[in-house]
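Asker: First to last, the protein sequences are chains D and F. The numbers in the UniProt record's numbering rise by one with no breaks, and the one at position 466 of the first sequence is 466. The numbers in the UniProt record's numbering rise by one with no breaks, and the one at position 108 of the second sequence is 108. Even glycine gets a Cβ: it sits at the ideal position worked out from N, Cα and C. If you're wondering where the values come from, they're calculated on a predicted model, not measured in any experiment.
There are 2 protein chains.
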Amino acid sequence: MNSHKKRERERERASERASETTPRQHMPITASEGSAGFAAAKPDLDDLIKRRFFYRQAFEIYGGVGGFYTYGPPGAAVKQNLLALWRKHFVIEENLMEVDDTNIMPHDVLLTSGHVERFNDFIVKDSSDGNKFYRADKLLEEVMDARMAEKGLSSEKLVEYEKVKAQADAYSKEQISAVFKQYGIKAPETGADLTEPEEFNLMFATPIGPTGMVQGYLRPETAQGIFLNFKFCLEQNAGVVPFGIAQVGKAFRNEIAPRSGLIRQREFTQAEIEFFVHPEKKAHPKFGDISGLELLLFASDQQLAAQPATRMTLGAAVAAGTVANETLAFFIGRTYLFLVRAGCRPENIRFRQHLPDEMAHYACDCWDAEIEMSLGWVECVGIADRSAFDLTVHSQATGTSLTAQQTLDTPIKIERFCLTKKSLAAIGKHFKKDAKLVTASLSEMSADALKALKATAEAKGVCSLEVEGQSFEISNELLQVESITETQHVEVFTPNVIEPSFGIDRILTAIYEHTFSLRADDSAASEKPADGGDKKKKADKKEGDKVKAGVLALPAEIAPYKCVVLPLDQRVVAQYGNLLAMARAGLAENGLQYKVDESGASIGRRYARADELGIPYAITIDFDSLDGGSLVGTATLRERDSTQQVRLPLADIPAIIAKLSSSHQLTWEDVLASYSTGGTSSSSAGVAAAGDKLDYLRKHAVAATLNDAVNALAETQPEDPIAWLSAHLASMKSQ
Amino acid sequence: MNSHKKRERERERASERASETTPRQHMPITASEGSAGFAAAKPDLDDLIKRRFFYRQAFEIYGGVGGFYTYGPPGAAVKQNLLALWRKHFVIEENLMEVDDTNIMPHDVLLTSGHVERFNDFIVKDSSDGNKFYRADKLLEEVMDARMAEKGLSSEKLVEYEKVKAQADAYSKEQISAVFKQYGIKAPETGADLTEPEEFNLMFATPIGPTGMVQGYLRPETAQGIFLNFKFCLEQNAGVVPFGIAQVGKAFRNEIAPRSGLIRQREFTQAEIEFFVHPEKKAHPKFGDISGLELLLFASDQQLAAQPATRMTLGAAVAAGTVANETLAFFIGRTYLFLVRAGCRPENIRFRQHLPDEMAHYACDCWDAEIEMSLGWVECVGIADRSAFDLTVHSQATGTSLTAQQTLDTPIKIERFCLTKKSLAAIGKHFKKDAKLVTASLSEMSADALKALKATAEAKGVCSLEVEGQSFEISNELLQVESITETQHVEVFTPNVIEPSFGIDRILTAIYEHTFSLRADDSAASEKPADGGDKKKKADKKEGDKVKAGVLALPAEIAPYKCVVLPLDQRVVAQYGNLLAMARAGLAENGLQYKVDESGASIGRRYARADELGIPYAITIDFDSLDGGSLVGTATLRERDSTQQVRLPLADIPAIIAKLSSSHQLTWEDVLASYSTGGTSSSSAGVAAAGDKLDYLRKHAVAATLNDAVNALAETQPEDPIAWLSAHLASMKSQ
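(1) Please list the partners that Val99 of chain D has in chain F, where partner means a Cβ-to-Cβ separation under 8 angstroms.
(2) Of all Cβ atoms in chain F, is any one closer than 7 angstroms to the Cβ of Gln236 of chain D?
(3) At what residues does the alpha helix (DSSP H) containing Val393 of chain F begin and finish?
(4) Ordered along the chain, which non-local residues of its own chain (more than five positions away) have a Cβ less than 7 angstroms from that of Thr313 of chain F?
(5) My output table needs one value for Cys380 of chain D: the three-state DSSP class, helix, strand or coil.
(6) For chain D, find out if any of its Cβ atoms is closer than 7 angstroms to the Cβ of Gln717 of chain F; answer yes or no.
(7) Is residue 766 of chain D helix, strand or coil when you go by DSSP?
(8) Give the secondary structure of Ile176 of chain F by DSSP, where H, G and I count as helix, E and B as strand, and everything else as coil.
(9) Would you kindly work out how many angstroms separate the C-alpha atoms of Thr222 of chain F and Phe252 of chain F, rounded to a whole number?
(10) Kindly give me the distance between the Cβ atoms of Phe204 of chain F and Thr102 of chain D, rounded to whole angstroms, as I take these residues to be in contact under 8 angstroms.
(11) Compile a chain-ordered list of the residues in the stretch 100-118 of chain D whose CB is closer than 9 angstroms to at least one CB of chain A.
(12) Could you tell me if Glu267 of chain F is buried or exposed, where buried requires 16 or more neighbouring beta carbons within 10 angstroms of its beta carbon?
(13) Kindly list, in the order they appear in chain D, the residues whose Cβ is closer than 7 angstroms to that of Phe331 of chain F.
(14) Do three or more CB pairs link the stretch 84-103 of chain F to the stretch 32-48 of chain D at distances below 8 angstroms?
(15) If Asp365 of chain D sits next to Leu328 of chain D, beta carbons under 8 angstroms apart, how far is it from one beta carbon to the other, in whole angstroms?
(16) So the candidates are F:Ala136, F:Thr269 and F:Phe243; which of them puts its Cα closest to the Cα of residue 745 of chain D?
(17) Does any residue of chain D have a CB that is nearer than 7 angstroms to the CB of His700 of chain F?
(18) Can you tell me the Cα-Cα spacing of Asp385 of chain D and Glu274 of chain D, whole angstroms?
(19) Whose C-beta lies closer than 6 angstroms to the C-beta of Asp368 of chain F among residues of the same chain, with five residues either side of it excluded?
(20) By the 10 Å Cβ neighbour count, where 16 or more other Cβ atoms means buried, how is Lys79 of chain F classified, buried or exposed?
(21) Measuring alpha carbon to alpha carbon, tell me which of F:Lys286, F:Pro285, F:Glu557 and F:Val596 ends up nearest Asn95 of chain D.
(22) Does the beta-carbon distance from Ser128 of chain F to Thr195 of chain F come in below 7 angstroms?
(23) Hey, does Lys250 of chain F have any beta-carbon neighbour from chain D nearer than 7 angstroms?
(24) Taking only beta-carbon atoms, is Gln593 of chain F less than 7 angstroms away from chain D?
(25) Which first and last residues belong to the beta strand (DSSP E) in which Asn81 of chain D is found?
(26) Looking at Ile176 of chain F and Phe122 of chain F, is the spacing between their C-beta atoms short of 7 angstroms?
(27) Rounded to whole angstroms, what is the Cα-Cα separation between Ala440 of chain D and Thr398 of chain D?
(28) With a threshold of 16 other CB atoms inside 10 Å of the CB of Leu153 of chain F, please say whether the residue is buried or exposed.
(29) Which of the three DSSP states is assigned to Tyr336 of chain D in this structure?
(30) Could you give the distance in angstroms between the alpha-carbon of Trp724 of chain D and the alpha-carbon of Ser731 of chain F?
(31) Taking the alpha carbon of Phe298 of chain F as the point to measure from, which residue in F:Glu370, F:Pro242 and F:Arg345 has its own alpha carbon closest?
(32) Taking 7 angstroms as the threshold (beta carbon to beta carbon), is Val467 of chain D in contact with chain F?
(33) Give the interface partners of Val65 of chain F over in chain D, defined as CB-CB distance under 7 angstroms, in chain order.
(34) In this structure, does DSSP put Gly586 of chain D in helix, strand or coil?
(35) So, does the CB of Leu725 of chain D fall closer than 7 angstroms to a CB anywhere in chain F?
(36) So, with DSSP's three-state summary, where would you put Ile61 of chain F?
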């Protein structure tokens, strides 16, 4: 378990950004108690996930292909809702721009980004059968595991094998080849020799156009589509930096060995932000909003010193220099808030800083949001200060200026050392047809080079200039230099970029693991509605025996369906048509996803089915709804996590669920308080009384009368409004 | 123009469903007046689209690649909002399931669907230069166009060329090769011979896994991912048919000659529904909701008789048999309502029925929603009854049962003709080791075949049975047959499917063309705020001269930003920070996308900029908002299409915009009525009075007092509530 998790964790980093080419050596990851708890619940969760079709292997009726998954109805809805929440939390609340670029990208773009040359894993093949292949680092790890398990191993050897294993994904091609020879590693299935390690590019290649005139690839990340459009987005932002661009979409990696469900797929969903800032202005105006957040931070020096992660506020972390700057810390804080809002458990989230040799050479600082789940701590979000790297390389490759400008508060003076205009003109005249070549070369020369040239000319009376293989002699008289002071009012700079990059499918995995539980002794299945009785006593035994009562306590905002509508008994189906139609219309009008369960199962069993889908609210239409005197037109509303119920007018329910399922302040406790008199547990009497009150007010059209009165009041604006209202109401004919 | 459009239209159908293999011969499409109007406005619209970065060619800084587009911030937001509206209109309101399948699909799936073998265009190459290639049908059309333009052409020849051109995309490989030879068509650039036409498959191929062990393709349509998961979705629906599954996502076609902007891209977005029904039960329970809709229908017999399309209700169309069934008609109606809700002009939408030889052989009926735009009538949605074709072929290819069951109201009796059990046993015994082979073959035999076999046996005393190349002699004594009557309680059937398939990018093109206009004499740019004065008179002349005042009257539901926040004058920036922060928080809380325009441009110019982005509402924070006595804390709200303004408390605005931008009933007229006294045009006095009234009520906490009183009222439930309230208020201490 331990070593399995460790390898998993190490692997997490191998296919990160292609351009991270510095060797990586990872700290061993220790499985925690939390991880073991999630692992124990995993078989039941996996059963639920597949049985209710949250997701399953893609193309299953064709036998499936590794690394591809299909999200079924509840899973696709949760993913949609998670992305909507992400857009609300980041794009809207941080007022970012969003672009929607293509999945297929041409060779040149990905050559610049480094993916064509460096987005590789090493592969070795069985020399007796080329169809048997292995990812070199994974095979090496397995061989080392096997050797460490051998009996009578010296502690020296144990350390050696452990070290090789830890390095496996950091070796260069030559190194890994040497290691394979040193340990005499053979093809595991046949015992034949292995071929030399070859680089295997992880991008899916596909030619564009009928003659494959342009080599295309499926994008390995969504970030490049942002950099390509930086210039056009900056224009839309009226040239003002800072600003951020987001992109959400599919990314593709042709993994040699896909595994771990949604964690390492060949096709997955990313949500990335590139937040562009001035290189020297990385403070963030809203830093104060998150500076008090205390998070579990695992700084690189703690990792190197084998110390545990510690809780620390982001304010303190920036002050201490642990986190490089405010903007980076701001997005760490916002990421944490997002993950918790989406349903991840706060205590299972930590932020791990990349080690110095783990970061790309150009990166200033990088933190991963790691979420503890059954596999151990899994990187789910990377938040990096990537400096000006991406814009710089694309600018160089295309000759397009990818800079921003800002007016300087105080203009600055710059000293420049150059040839005098007169001297340039004279040199031009002197060299005739070569004039352009010589003067261009002199103009581009650095101050130091020019000074050196002038020094030579002064010493020898002449100097020689090499341009494109030709040599030109310039006399000291011709070479007249000067220092010029220029005043600069505008600063041109290549923005730095802070990049929060979200692995949506990994976060979904964490959400399912963190919200899943089994109800104690199958309580939901034996639950009864608040009143109206459970007339469906025949026990659905077969289903009840086979299925454990799993619950997904998904936050209402991301739950696949916001409610389920349940007729209490099939026998009333004919009568309840109108009420159902009313509920459907109300739910659709409020944009709420919902389900209707008209099966013959007991009400408790149907609650349990809804719990499995993470449905937060259940509306039960019972006999009283149809024929219960003052209760006609009411229904019971049940909340998933507390299993509390309350009776209220069916017409009120859709708007209430809409509020409960959004960021609106209304809480379930408010609903209980409004509609029941008896505190948290709703008694029949209390419920009846609440329905009764509403009936009374409705019957007498109290609201309409009061609205008219208040309008008249506002028109008149008397000194004492309440006295005035009292008199006004007295003068009205009571209805 | 005319012939260009005609070719465009004909081309629309060429790359439809791969399995539509019957030859197609298309009716000529006549450009209408509407189309010419859109074409005239197109250059201004295109300028706006690119300048404000709704979309532009992808990878532009790398020179671009044909057929790929990037949606910039406003365009990506409009697309997101359109998809959200689609989900609300179909997935939620029709209670469909949604799946999220992969973009990469394996060979076997697309072999079954017909795409591997038949999703082709013909390509011809210049024999002197293999890099010069042409789509055969397009080249043929161009050659015919050129010949028709020759002088002195006989009318006979003209008809011949016209006919060849009209057939161009319907020829088989042999036919088109013969036609090229007949007319001696050469490579247009070099005059060299052309190669024989080759089939070019339009799918993007990409190998999966390191040895390309599985041939993969990018999906050419989203529909296949639905059929693959029919079985698992049916399980989630408790086995009940009818039900529908939707999928939204990218689709990919490696077009030889991409063109017409978003209309024919290599990567595009589809939204498809497969609605599964019993083959003989295609009525729809909600048909009554749309049966009264009168639409422009262009039935196939009208097209063949060269008659115009006619207006007809869907109820009448189904009654007359023009539309094949209620479910098909229901989705035609819902599609129409969606397109109008999204911003398409009703008068520019028609539904064209496929001609009998244009439909796939298995399809019962098929209608395209065609939208009139600058190119002519463009197919944007296809709505087809595809019978049981897709489920049948996938079931056959995989050996997976893709059927549904339903309990029969009245069990039916079925006569079966078969061998007696005794006879089967005896035959088994007789043939020993071949027993299984022989009895299996006899059991699977049809009644007719078995009857024929028995007849032979009776006539000759013996009959012979061929199984897998072996011959078995069976005596008449052994072959004992009987008729059995079986009672069937459950019917097993392969559902038929009604498929509405939406081309999202085409619909977006239509929406932009239909909502775009130029303001008469640049009125927005000279607009002033309701009061507070326009202190920014310096005329931004440069911008004003270059840019015409375009407006996108996008429905608020799909507008990229729901409002723009404008400080009236940059000089107040320091003071208005708090108000802006309040507006931002309120807008974000309501999940509203918004922009802030703090540029120094005049207020009119900034309104004009917002109009270009289709922003429906502008909030102007002016001097009175900050320092206007009773107006402090208010702002003006301007509506884009009417350019009317009203002043109201800033705190109220976000919730109002949220309602105006959703399917909530609140209208702009309601807002005007609530907050201004002077009818539609808001006078300063009226605005002040409205703010004043609210101030008065707030100051005296009238709402809180009344809430308490109403709660007490509901508790007491007196006979005369108004009299009681009057007394109760009188007894309260006035505040």
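Answerer: On the basis of the supplied data:
(1) Thr70, Tyr71, Gly72, Pro73 and Ala76
(2) yes
(3) Phe389 to Thr398
(4) Ser291, Gly292, Leu293 and Glu294
(5) strand
(6) yes
(7) With chain D covering 1 to 735 only, the question about residue 766 of chain D has no answer from this structure.
(8) helix
(9) 10 angstroms
(10) Actually they do not touch by this definition, with Cβ atoms about 12 angstroms apart.
(11) Protein chains in the displayed structure are D and F, and chain A is not among them.
(12) buried
(13) Simply none; closest approach about 17 angstroms.
(14) no
(15) 6 angstroms
(16) Since the displayed chain D opens at 1 and closes at 735, residue 745 of chain D lies outside it and no answer follows.
(17) yes
(18) 10 angstroms
(19) Arg352, Glu379 and Gly382
(20) buried
(21) F:Val596
(22) no
(23) yes
(24) yes
(25) Where Asn81 of chain D is concerned, there is no enclosing beta strand (DSSP E), although the alpha helix (DSSP H) it sits in stretches over Pro73 to Trp86.
(26) yes
(27) 23 angstroms
(28) exposed
(29) helix
(30) 12 angstroms
(31) F:Glu370
(32) no
(33) Pro106, Ile208 and Val214
(34) helix
(35) yes
(36) helix
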